[in-house]
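For any residue, its number in this note's numbering is found by taking its place in the sequence shown, counting from 1, and adding 56.
Positions of the beta carbon are idealized from the N, C-alpha and C atoms, including for glycine.
Everything numeric in this text was worked out from a predicted model, so none of it was measured.
One structure is given below, encoded as structure tokens.
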Amino acid sequence: MDIPRFFNITESAHRIHNPFTPDKFVTLGEALRLTPGVYVLDLGSGSGEMLCTWARDHGIVGTGIDMSPLFTAQAKQRAEELGVTHQVNFIHNDAAGYISDKKADVAACVGATWIGGGVAGTIQLLAKSLRTGGLILIGEPYWRQLPPTEDITKKCFANSISDFLILPELLASFGKLGYDVVEMVLANQDGWDRYEAAKWLTMRRWLEENPDDELADEIRSKLSTEPERHAAYTREYLGWGVFALMPRISLKKA
Numbered sequence: 057m058d059i060p061r062f063f064n065i066t067e068s069a070h071r072i073h074n075p076f077t078p079d080k081f082v083t084l085g086e087a088l089r090l091t092p093g094v095y096v097l098d099l100g101s102g103s104g105e106m107l108c109t110w111a112r113d114h115g116i117v118g119t120g121i122d123m124s125p126l127f128t129a130q131a132k133q134r135a136e137e138l139g140v141t142h143q144v145n146f147i148h149n150d151a152a153g154y155i156s157d158k159k160a161d162v163a164a165c166v167g168a169t170w171i172g173g174g175v176a177g178t179i180q181l182l183a184k185s186l187r188t189g190g191l192i193l194i195g196e197p198y199w200r201q202l203p204p205t206e207d208i209t210k211k212c213f214a215n216s217i218s219d220f221l222i223l224p225e226l227l228a229s230f231g232k233l234g235y236d237v238v239e240m241v242l243a244n245q246d247g248w249d250r251y252e253a254a255k256w257l258t259m260r261r262w263l264e265e266n267p268d269d270e271l272a273d274e275i276r277s278k279l280s281t282e283p284e285r286h287a288a289y290t291r292e293y294l295g296w297g298v299f300a301l302m303p304r305i306s307l308k309k310a
């Protein structure tokens, strides 16, 4: 069980596998008003930066599930570095369909909504692990501006324009699913730079060490084209954010 090897290579030096920078996770933790002992479930936890830093800064406890053995090992190492191994646990497993035995105060999927077949399915999955009154966190791209052509759409790693919504439509879609949006923290272009540009040095170093690898040609091609593609397309057209949701409640009428 693993993610495609290409991603294990290109993101092997990443602590955060999405366009958030460390300060954004600080802002998000503060915005959610986390307190010691809050239990956070993170599906698609990557290298564990969110859980580990929140354990250090807010005293939360948590479980992260990720199908990459490399990222899971890195998450455990990060927990050791920050002295929070007694607070967080990382499990190598497929997050798709994972339901926690312990109800979570916060159930999160920050950038891996494919585990539920999209946003709606992932929210349904997270809700099964959520305590009454808890928060769901969804990390998801949106269009900063609509691509004018199909070619530009595909260069933003989307199959069609309908793969993503513009921000107001994305926020409205949560309401249609029966949830209130109670917080959001949005990435910026610097965050996209850190996520995408950090891959380039990793690819260059990897090519030096693995010139005869079966993926060398693909990595070489990506390194040659990714800087220009990112600057022209991802950076300009794609936004990304984490959205905190709570199920809507019906008000009793007199």
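Within the same chain, show all residues whose beta-carbon is closer than 7 Å to that of residue i, passing over the 5 residues directly before and after it, in chain order.
i: P203; result: T209, C212, I217 and Y293
i: N266; result: A272
Sorted by chain position, which residues of the same chain lie with C-beta nearer than 6 Å to residue i's C-beta, five sequence neighbours on each side aside?
i: E105; result: R71 and I72
i: I39; result: Because residue 39 is not part of the residues shown, which for the chain are 57 to 310, the question remains open.
i: R291; result: Q245 and W248
i: F146; result: G104, G120, T128, A131 and K132
i: H286; result: E252
Could you check what DSSP says for residue i in three-state terms: helix, strand or coil?
i: F62; result: helix
i: F230; result: helix
i: A151; result: coil
i: I217; result: helix
i: D161; result: strand
i: L84; result: helix
i: M123; result: coil
i: P303; result: strand
i: I222; result: strand
By Cβ distance, which residues of its chain are closer than 8 Å to residue i, with the 5 residues on each side in sequence left out?
i: V237; result: L227, F230, G231, F299, A300 and L301
Pick from the options: whose alpha carbon is nearest that of residue i?
i: A151; options: E67, K159, V144 and L182; result: L182
i: I222; options: E206, V96 and W296; result: W296
i: L257; options: L242, I275, R285 and V241; result: I275
i: Q143; options: T169, R200, V96 and P78; result: V96
i: G167; options: R187, S101, L186 and W199; result: S101
i: E206; options: P224, N215 and R260; result: N215
For chain D, is any of its Cβ atoms less than 7 Å away from the one on residue i?
i: F63; result: No chain D appears in the structure shown, which is made up of a single protein chain.
Runs of beta strand (DSSP E) lying entirely within the stretch 232-272, each at least 3 residues, in chain order: List check, beta strand (DSSP E) in window: 235-242.
Is the stretch 153-161 close to the stretch 77-97, with three or more CB pairs under 8 Å? Output reads yes: the stretch 77-97 touches the stretch 153-161.
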